[in-house]
Amino acid sequence: QTADQAAQALWRRLERGDAHITGDLLTDILRADLMTTLGTRGAAPKNNWIVDAFLDWLSFMLVPVWRASVDRKVKAHAKEHEKYLQDEGFFEMP
């Protein structure tokens with residue numbers, strides 16, 4: 013998504029009156045998950061009760077799988093990043 017496409021998507025959501033503005037399906041799913049995870053359900057208005065309920069259910073199923081894949085990728089690069097920081101002198105005492 014280009015910057016212009018993102019701006020257009022966000023502007024459409026503003027014009028529509030959405031309470032939580034997102035630009036695409038992925039951020040809609042993450043928004044629905046955050047509303048559940050952070051306990052904001054009821055504290056902030058929903059964009060659409062039916063769509064948000066579906067996205068909430070979808071996020072319940074998909075976010076843990078996505079999170080596990082991201083965690084694996086981060087852990088797989090730990091040694092590489094540690095070596096980079098060592099080479100840059102990050103761990104040396106001043």
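Just so we're aligned, residue 13 is where the sequence shown starts under the numbering used here, counting upward by one.
In this text, a Cβ means the ideal position worked out from N, Cα and C, and glycines have one as well.
- If you draw a straight line from the Cα of His93 to the Cα of Leu74, it comes to about 28 Å.
- Taking a 10 Å sphere around the C-beta of Ser71, we find 16 or more other C-beta atoms and assign the residue as buried.
- Asp68: member of the alpha helix (DSSP H) spanning 61-88, first to last residue.
- Per DSSP, Asp30 lies in no alpha helix (DSSP H) and is assigned neither H nor E.
- A straight line joining the alpha-carbon of Gly35 with that of Phe102 spans about 37 Å.
- Lys58 sits in coil when the DSSP states are folded into three classes, being neither helix nor strand.
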